[in-house]
Every structure is written in C-alpha cells, then in structure tokens.
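To start, the structure under review is shown below, and the notes come after it.
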Amino acid sequence: MHKLFTPWRLVVAIGLTSLYACAYNVPTAISIPPPENPSVGEVRERGEAMIGRRVRWGGTIATVTNKEADTWIEIVDRELRRSGQPLESDTSSGRFIARVPGFLDPAIYDKGRQVTVAGILDKPTISTIGEFSYLFPVVAVDSYQLWEPTPETFYMEPLPYWYYHPIHPGSYPYFHPYW
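Below is the structure:
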C-alpha cells in the first residue's frame, strides 16, 4: 500500500472533513449575500420601488408574532460579518419585518437573539414602535439562520501582589506546606 493512503491518515482526513461540515452548516443564501444588497435604510427611503429585490439582512430579534399562516419577526438591523452573522454593536440602520412561513416558537426565537434572513422584499407595512408610527420593510423569507447565543464573557481580577510570595508561593498570607 502506498504510504500516502495509510489507514491512520484516512481516518484523520474523514474526521476533519466531518468536523468541518458540522461547523459550517449555514445555508448558502445566508453565507453569501446577493450581488446588490440594499441596506434597510435605503429600502425605507425608496419604499415600494424596491419590491422584488433579493436581500440578506440580520440583526437582533425585537418581537415575534405568530399569524395564521406565518410568523412575523421584527428585527433590529445590524451589520453582518462575512459569514452572515450579525455583529454586536450599538448601530443600526432601522428595523424590518421578516415574514417566515409556518410557526416559529417565540420561546426559541426570543427577544435579543441574533438571526439572519434571506428573501425577497415585499410591500412595506406601517406599524408602531411604542407610540411612534414606523415604516417597516418586509422580507418574504426563504432562508434563515438563528445563531447560537454568545457566551457571557467575564473578567477575572488579577491576583493581588502579595499572592506571589517567594517563600510560600500561592499561599501568603496563609501557609499550606504541601503546595
């Protein structure tokens, strides 16, 4: 047998390939933006002139409303990474509604989660945010990705200077003779 195709190398290659396939299980419509992808702000300004255009947008879920045949997700727009995942930032070009066919559980598609959608722009709708009247661009979604919640980051305080005592490392002011 040729040394290039040893059983060990074959097992490693198959394992790495399967790990790569699992890690990048994002739909193509989400990972690759359409050639002309107008922003939420541009669509809000131009209104119905943009109907029928393909978009890939994402952001943070504000509300989820289940209708009879579909689910309407109100999303606060965020800038997207190359992979399509929204960046966590304090900037937004507005809000939009993603109209997803079928039922999505509001307990899973919860306020604050990140989602990216791809689809065709439909007729905008006017609704309210609080008491403010707002024009929402509507996306008829054909592909979407709910991203895993970002783990909470924590900061560990540095140890105090006296912790590193040269005679009793790791124990000053307490003495542990076997450490």
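Sequential numbering of the sequence shown, starting at 1, is according to our numbering. Ideal placement from N, C-alpha and C gives every residue a C-beta, glycine not left out.
Problem - Straight-line Cα distance separating PHE154 from GLU45 - result: Computed Cα separation, rounded: 41 Å.
Problem - Residue of GLU79, VAL26 and PRO86 minimising C-alpha distance to SER93 - result: Closest by alpha carbon: GLU79.
Exercise for the section: Taking the CB atoms as reference points, tell me whether VAL139 and GLY112 lie closer together than 7 Å. Expected result: Result no, Cβ atoms of VAL139 and GLY112 do not sit closer than 7 Å.
Problem - Nonlocal neighbours in the same chain, by C-beta distance under 8 Å from ILE75, ignoring five residues either side - result: Spatial neighbours of ILE75 in its own chain (CB-CB distance under 8 Å, excluding positions within 5 residues in sequence) are listed in chain order as TRP57, GLY58, GLY59, THR60, ILE61, ALA62, ARG95, PHE96, ILE97, ALA98, VAL115 and VAL117.
Practice task
Buried or exposed for MET156, please, with buried defined as at least 16 other CB atoms from any protein chain shown within 10 angstroms of its CB.
Solution key: By the neighbour-count rule (16 or more Cβ atoms within 10 Å), MET156 is not buried but exposed.
Practice task
Starting from ARG56, follow the beta strand (DSSP E) in both directions and report where the run begins and ends.
Solution key: Unbroken beta strand (DSSP E) run through ARG56: 54-66.
Problem - Unbroken beta strand (DSSP E) run spanning VAL26, endpoints - result: It is not in any beta strand (DSSP E) - VAL26 carries neither H nor E in the DSSP assignment.
Exercise for the section: For ASP105, count neighbouring Cβ atoms within 10 angstroms of its own Cβ and tell me buried if that reaches 16, exposed if not. Expected result: So ASP105 counts as exposed.
Practice task
Count the other C-beta atoms from every protein chain shown that fall within 10 angstroms of the C-beta of PHE103, then say buried if there are 16 or more, exposed otherwise.
Solution key: Classification of PHE103: exposed, given that the 10 Å Cβ count is below 16.
Exercise for the section: State yes or no: is the C-beta of ASN37 within less than 7 Å of the C-beta of VAL55? Expected result: Cβ atoms of ASN37 and VAL55: closer than 7 Å.
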